[in-house]
Amino acid sequence: MGGTACSTLLNLLILFLCASRGSGHCRNSTLGVVFLNTKPVEEDKMMQLLHCCELFFIPVTVNHGEIQFPDFWPQEQPILIVDGTEEPLLPRLPLNAPPVFYVNQNSFRDMSHQGQQLMPNASHLFGTAGYLAIEQYNWTAAVYLYDHGKNIDVDFLDNLQKRMKVITVKLKGQANGKINETALWFILKQIRQEKVRNIILKCRGSWLKTVFNQSETHGLLSKVYHWIIPTLQSETQHFEQMLPQSSGAHFSLFVLSASLPYLQHVHCNCTITCILLHDLNIFLQKVMKNCLSLSSSKSQVHGLSGPLKYRSDGFRWKFNFITKSIFTGQKYQVNISWLVLLSPYVCWSLLKARSHLDVLA
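Numbering-wise, the sequence shown is residues -24 to -1, 1 to 337 according to mature numbering (1 follows the signal peptide of the UniProt record, and there is no 0).
Listed below in structure tokens is the structure:
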């Protein structure tokens, strides 16, 4: 892993640790830490950070692909996994595992049934994409272009096919992890021949620029095309840099909303990872300091992504984000209730009921 990636990983860990300082000697202030796919020099720096904090920690090992929790480890005590890769093979978790938090170069997500569900999962993002396509944009047909390495969301596809014509097209990769550009050329040619002007794209971030460049060659980035990208972004600048300058297509992607009033007029270039990690930090800081349970009413705090309140099983009740059209200036405020959306089957109806259109001036 290069210097930039190492710096990013260290910054994420610094955020986690700094927010947990001063947590006292409560039993909940002990954290288990697992290092995966990290270089010795990186581990040394991270260990120094851990020692500088007042948060107590215990190294936890991985044996034969499974996390080995100490026998005495309390079930409510969290485990932090720091991984040096971008798309790692996650270790297995034993039954009744404690809350597990996972941090790598560009993501921060739940790993266990009891963990904090900080980011919408694929079903929720796809459900939002379907809501926009049908209820807001009134699509009657669409191409669903997806990565062969990512499982196709069956519930999303079933719902979509009940409301419109859907053409599913699978992107292909190579042994080195890069996209198969020859196959991509024929795929995009096929899409052009179908004369369907609406595209839902879900693929790994490293493939996007190649997909866009070849799409321009086939005329799929002209102003008659509309793309929905079901992935979360905190700002659109990086996304726009991947697009050819001549692109005139309409793109819709999801943008995190800073919901605190005093941050409404503050420019923030934080990534979603850092914002969500920050919110977890301030939540754990209060829980650990006051020895509260995850679901205690006294443990509710406000974060950059809205109120932080958790159920007894560790899932977050509500998460706020905005979907924004980066070319038309329209945005859709979508408030998601995690209590209901734990079941992807009700995602469709809930999004329809909870969303409203807000056109920017």
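Beta carbons: idealized from backbone N, C-alpha and C, even for Gly. Everything numeric in this text was worked out from a predicted model, so none of it was measured.
Element boundaries [beta strand (DSSP E), containing residue i]
i: valine 38; result: 37 to 39
i: valine 145; result: 141 to 147
i: lysine 178; result: 174 to 178
i: serine 43; result: For the record, residue 43 in the displayed sequence is isoleucine; it is not serine. Taken as a continuous stretch (DSSP letters only), the beta strand (DSSP E) holding isoleucine 43 covers 42 to 44.
i: tyrosine 120; result: 117 to 123
Delimiting residues of the alpha helix (DSSP H) encompassing residue i
i: isoleucine 167; result: 157 to 170
i: glutamate 192; result: 184 to 193
Residue from the options with nearest C-alpha to residue i
i: threonine 186; options: Ile205, Met218 and Lys165; result: Met218
i: tryptophan 115; options: Gln137, Asp131 and His194; result: Gln137
i: alanine 109; options: Ile55, Pro206 and Pro220; result: Pro206
i: asparagine 135; options: Thr158, Asn152 and Glu111; result: Glu111
i: asparagine 152; options: Arg168, Asp131 and Ser182; result: Ser182
i: tryptophan 193; options: Arg180, Glu216 and Arg168; result: Reading off the sequence shown, one finds threonine at residue 193, where the question assumed tryptophan. The candidate whose alpha carbon is nearest that of threonine 193 is Arg168.
i: valine 9; options: Gln53, Phe48 and Asp47; result: Gln53
i: phenylalanine 48; options: Val58, Ser228, Glu170 and Pro74; result: Pro74
i: phenylalanine 227; options: Leu160, Tyr113 and Pro16; result: Tyr113
Same chain only: Cβ atoms within 7 Å of residue i, ignoring 5 sequence neighbours per side
i: leucine 184; result: Met218
i: glycine 41; result: Pro67 and Arg68
i: alanine 105; result: Ile176, Ile204 and Pro206
Alpha carbon of residue i to alpha carbon of residue j, nearest angstrom
i: asparagine 189; j: isoleucine 163; result: 14 Å
i: threonine 247; j: arginine 139; result: Any reading at threonine 247 must be qualified, since the residue scores a pLDDT of 41, below 50, and its modelled position is unreliable; no value is offered.
i: isoleucine 34; j: proline 50; result: 13 Å
i: leucine 12; j: isoleucine 55; result: 13 Å
i: glutamine 221; j: asparagine 156; result: 24 Å
i: phenylalanine 102; j: leucine 147; result: 18 Å
i: proline 70; j: glutamine 44; result: 8 Å
i: glycine 149; j: asparagine 72; result: 36 Å
i: threonine 249; j: threonine 158; result: Bear in mind that the predicted position of threonine 249 carries a pLDDT of just 42, short of 50, making it unreliable; the figure below should be weighed with that in mind. Near 34 Å, if we compare the C-alpha coordinates of threonine 158 and threonine 249.
i: phenylalanine 215; j: proline 46; result: 43 Å
i: threonine 14; j: asparagine 39; result: 16 Å
i: lysine 307; j: tyrosine 107; result: At lysine 307 the pLDDT is 49, less than 50, meaning the model places this residue with poor confidence; the figure from the coordinates comes in the next sentence. Cα to Cα, the separation comes out at about 13 Å.
i: lysine 154; j: valine 36; result: 33 Å
i: leucine 160; j: proline 16; result: 39 Å
i: valine 130; j: glycine 195; result: 30 Å
Own chain partners of residue i with C-beta closer than 6 Å, once the 5 adjacent residues on each side are dropped
i: leucine 197; result: Ser191, Ser223 and Ala225
i: cysteine 178; result: According to the sequence displayed, residue 178 carries lysine and not cysteine. If we look at lysine 178 and ignore the five residues flanking it on each side, its Cβ neighbours are Tyr122 and Pro206.
i: arginine 180; result: Asp123
8 Å Cβ cutoff, residue i in contact with chain C
i: tyrosine 113; result: No chain C is part of this structure, which consists of one protein chain only.
Nonlocal neighbours in the same chain, by C-beta distance under 8 Å from residue i, ignoring five residues either side
i: glutamate 170; result: Val119 and Ile143
i: glutamine 166; result: Val145
i: leucine 133; result: Tyr120, Val142 and Thr144
### Message
Check whether the stretch 199 to 207 and the stretch 169 to 187 are in contact - that is, three or more C-beta pairs closer than 8 Å.
### Response
Taking 8 Å as the limit for Cβ pairs, the verdict is that the stretch 169 to 187 does touch the stretch 199 to 207.
### Task
Would you be able to state if there are at least three C-beta pairs under 8 Å between the stretch 107 to 120 and the stretch 131 to 145?
Because the criterion of three Cβ pairs below 8 Å is met, the stretch 131 to 145 and the stretch 107 to 120 touch.
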